[in-house]
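Visitor: So for the sequence shown, this note's numbering puts the first residue at 184; every next one is plus one.
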Amino acid sequence: MSPAASAAVRDRLRIAIQKSGRLSEPARALLSSAGLSWRESRDRLFCYGESLPVDLLLVRDDDIPSLIAEGVCDLGIVGRNVLNEEIDGRSASGQPAAFREWRALGFGGCKLSVAVPEGGDWRGAQQLTGKRIATTYPNQLRTWLRAQQVEADIVVLNGSVEIAPRLGQADAICDLVSSGATLAANQLKAVQDVMLSEAVLAGPVQPFGDVRAELADLLLRRMDGVLRIRDSKLLLFQTARDSLPQVLQLLPDAEPPTMCAVDGADTLALQALCHGAMTWQRLEDLKRAGARGLMVLPVERMLA
Ligand code: ATP
Ligand code: ZN
Numbered sequence: 184m185s186p187a188a189s190a191a192v193r194d195r196l197r198i199a200i201q202k203s204g205r206l207s208e209p210a211r212a213l214l215s216s217a218g219l220s221w222r223e224s225r226d227r228l229f230c231y232g233e234s235l236p237v238d239l240l241l242v243r244d245d246d247i248p249s250l251i252a253e254g255v256c257d258l259g260i261v262g263r264n265v266l267n268e269e270i271d272g273r274s275a276s277g278q279p280a281a282f283r284e285w286r287a288l289g290f291g292g293c294k295l296s297v298a299v300p301e302g303g304d305w306r307g308a309q310q311l312t313g314k315r316i317a318t319t320y321p322n323q324l325r326t327w328l329r330a331q332q333v334e335a336d337i338v339v340l341n342g343s344v345e346i347a348p349r350l351g352q353a354d355a356i357c358d359l360v361s362s363g364a365t366l367a368a369n370q371l372k373a374v375q376d377v378m379l380s381e382a383v384l385a386g387p388v389q390p391f392g393d394v395r396a397e398l399a400d401l402l403l404r405r406m407d408g409v410l411r412i413r414d415s416k417l418l419l420f421q422t423a424r425d426s427l428p429q430v431l432q433l434l435p436d437a438e439p440p441t442m443c444a445v446d447g448a449d450t451l452a453l454q455a456l457c458h459g460a461m462t463w464q465r466l467e468d469l470k471r472a473g474a475r476g477l478m479v480l481p482v483e484r485m486l487a
């Protein structure tokens with residue numbers, strides 16, 4: 184698409200998400216929680232937004248940064264690993280930044296790590312000097328090696344990076360790791376994190392100059408509301424005024440609670456929005472500290 188077309192005024196917002204893969208369901212779920220709905224066409228590439236003028240484009244995750252750069256899409260949900268690879272690549276070739284991370288979204292967590300054969304020892308990044316490192320993320324690896332002041336050969340592969348050391352193609356690899364099971368199955372161990380990744384909302388560097396700016400603001404506000412309460416619960420309980428300090432000590436993750444006196448002034452009723460896990464163990468500890476009638480309620484929506 185030409186720059187002229189990308190700069191054209193548009194009255195709908197277009198968001199690219201992964202068509203199928205690790206990020207596709209959580210991305211849809213997040214956008215649905217933010218109140219978006221589409222005329223369903225999961226098998227197609229385009230879903231027309233019904234509740235708001237926000238459409239979805241279902242694509243391969245690797246295509247999302249350039250779709251934003253070309254103005255085909257306005258926003259995208261993509262792994263930081265994919266986004267930063269494009270950002271580092273564009274910066275290395277002197278191209279201007281066209282997109283950036285707008286929000287971290289808290290799912291799709293993984294790490295880009297250096298891994299070496301299990302038997303070998305690891306004394307730090309300097310050990311990679313003069314070695315061959317296989318990766319599908321050459322730009323981020325190059326940036327990281329430069330920051331470590333290490334000179335190594337980067338072997339760019341399109342997939343199956345983890346078998347490169349066994350095939351004699353490389354001495355180490357730099358790849359995505361979540362559980363470490365794939366590394367272990369290939370007799371490799373992760374020794375150094377290069378970057379921590381998760382799904383992010385990516386958008387242009389320059390603000391939108393038309394109605395898309397308002398749509399993007401609305402979407403961001405709603406997404407922030409959803410993200411803020413994702414693991415949160417509303418905790419209701421009563422306690423004797425004397426026990427309040429001990430009870431509150433057990434709620435370091437709570438927003439300042441709302442309190443009111445019941446039974447004259449000796450008993451307090453409280454409601455607190457807690458951001459950490461509310462396990463049975465925690466409830467039992469709260470009860471021991473003096474909380475009574477504990478109730479844990481899900482939080483569906485929040486508008487700060
Ligand atoms: P596509 O067909 O869209 O190109 P893909 O095979 O590149 O799909 P997936 O394997 O679905 O993509 O991974 C998408 C994203 O999920 C990754 O870019 C990364 O951000 C994240 N992710 C989380 N855990 C892992 C993992 N263990 N391995 C690979 N990616 C992971
Ligand atoms: Zn991909």
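Every residue gets a Cβ at the ideal spot worked out from N, C-alpha and C, and that includes glycine.
Keep in mind it's a predicted model, so treat the numbers as computed, not measured.
(1) Taking 7 Å as the cut-off, is the CB of R243 close to at least one heavy atom of ligand 1?
(2) Are A287 and I251 closer than 8 Å when you measure CB to CB?
(3) Ordered along the chain, which non-local residues of its own chain (more than five positions away) have a Cβ less than 7 Å from that of S234?
(4) Taking E301 as the reference, which of L371, S216, G289, T450 has the closest Cα?
(5) Using the Cα positions of A188 and L196, report the straight-line distance between them to the nearest angstrom.
(6) Examine chain D for any beta-carbon lying closer than 8 Å to the beta-carbon of Q323, and answer yes or no.
(7) On the DSSP bridge list, what partners appear for L480?
(8) Which runs of the alpha helix (DSSP H) spanning at least 4 residues fall entirely within the stretch 438-472, listed in chain order?
(9) What residue range is occupied by the uninterrupted beta strand (DSSP E) comprising R283?
(10) CB C457 to CB S415, shorter than 8 Å?
(11) Measuring from the CB of L239, is there a heavy atom of ligand 1 at a distance below 7 Å?
(12) If you draw a straight line from the alpha carbon of G254 to that of T462, how long is it in whole angstroms?
(13) Is N369 close to ligand 1? I mean its beta-carbon at under 7 Å from any heavy atom of the ligand.
(14) Can you list the alpha helix (DSSP H) stretches of 4 or more residues lying completely in the stretch 311-346, in chain order?
(15) Report all residues from its chain with a CB closer than 6 Å to the CB of L466; omit the five preceding and five following residues, and keep chain order.
(16) Which residues in the same chain as W327 place their Cβ atom closer than 6 Å to its Cβ, once the five residues preceding and following it in sequence are excluded?
(17) Between the alpha carbons of F229 and V482, how many angstroms are there, rounded?
(18) State the beta-bridge partners of P387 as determined by DSSP.
(19) When DSSP labels each residue in this structure, what does L240 get in the three-state scheme?
(20) Comparing alpha-carbon positions, which option in V409, I247, E345, G292 lies nearest I316?
(21) Applying the 10 Å Cβ sphere with the 16-neighbour rule, what's the burial state of S380?
(22) Going by Cα to Cα distance, which pick from G272, V479, R227 is closest to Q421?
(23) For L258 versus L401, is the C-beta distance shorter than 8 Å?
(24) Restricting to Cα atoms, I'd like to know which of Y231, G473, I412, G459 is closest to D449.
(25) So what does DSSP say about P428, is it helix, strand or coil?
(26) In the DSSP output, which residue or residues are listed as bridge partners for R197?
Guide: Short version:
(1) As a position in the sequence shown, residue 243 is number 60, starting the count at 1. Under cutoff, so the answer is yes.
(2) Against the sequence shown, residue 287 aligns to sequence position 104. Against the sequence shown, residue 251 aligns to sequence position 68. Cβ distance not < 8 Å, so A287 and I251 don't count as in contact.
(3) Locating residue 234 in the sequence shown gives position 51, where the first residue counts as 1. Excluding residues within five positions, the ones whose Cβ falls inside 7 Å are G218, L219, S220.
(4) Reading the sequence shown from its first residue, position 118 is the one you call residue 301. It is L371.
(5) Within the sequence shown, residue 188 is the residue found at index 5, counting from 1. Within the sequence shown, residue 196 is the residue found at index 13, counting from 1. Note on A188: pLDDT 44, under 50, position unreliable in the model; the coordinate value appears next. Straight-line Cα distance between these residues: approximately 15 Å.
(6) Included in the structure is just one protein chain, with no chain D present.
(7) Position 297 of the sequence shown, counted from the first residue, corresponds to residue 480. For L480, which the question treats as bridged, DSSP gives the partners L417.
(8) 463-472
(9) Here the question's residue 283 lines up with position 100 in the sequence shown. Note, R283: beta strand (DSSP E), 282-287.
(10) As a working note, residue 457 is residue 274 in the sequence shown. As a working note, residue 415 is residue 232 in the sequence shown. Yes, they are a contact pair.
(11) Indexing the sequence shown from 1 puts residue 239 at position 56. Every heavy atom of ligand 1 is 7 Å or more from the Cβ of L239, so no.
(12) Within the sequence shown, the letter at position 71 stands for residue 254. Within the sequence shown, the letter at position 279 stands for residue 462. G254 and T462: Cα-Cα distance of roughly 46 Å.
(13) Position 186 of the sequence shown, counted from the first residue, corresponds to residue 369. Not so, every heavy atom of ligand 1 lies at least 7 Å from the Cβ.
(14) 321-331
(15) Against the sequence shown, residue 466 aligns to sequence position 283. Hits under 6 Å: L477.
(16) Here the question's residue 327 lines up with position 144 in the sequence shown. Closer than 6 Å at the Cβ level, and outside the excluded window around W327, lie V377.
(17) For the purposes of this step, residue 229 is identified with residue 46 of the sequence shown, where counting begins at 1. For the purposes of this step, residue 482 is identified with residue 299 of the sequence shown, where counting begins at 1. Roughly 31 Å separates the two Cα atoms.
(18) As a working mapping, residue 387 is identified with position 204 in the sequence shown. DSSP, once it has assigned bridges, lists F282 as partnering P387.
(19) Numbered from its first residue, the sequence shown carries residue 240 at position 57. Of the three classes helix, strand and coil, the one that applies to L240 here is strand, per DSSP.
(20) Locating residue 316 in the sequence shown gives position 133, where the first residue counts as 1. Nearest of V409, I247, E345, G292 to I316, Cα basis: E345.
(21) Here residue 380 corresponds to residue number 197 of the sequence shown, with the count starting at 1. Result: buried.
(22) Locating residue 421 in the sequence shown gives position 238, where the first residue counts as 1. Nearest C-alpha to Q421: V479.
(23) If you number the sequence shown from 1, residue 258 lands on position 75. If you number the sequence shown from 1, residue 401 lands on position 218. Cβ atoms of L258 and L401: not closer than 8 Å.
(24) Mapped onto the sequence shown, residue 449 falls at position 266. When each option's Cα is compared against that of D449, the closest is G473.
(25) Along the sequence shown, one-based indexing puts residue 428 at 245. Helix at P428.
(26) For the purposes of this step, residue 197 is taken as residue 14 along the sequence shown, with counting starting at 1. R197 pairs with D238.
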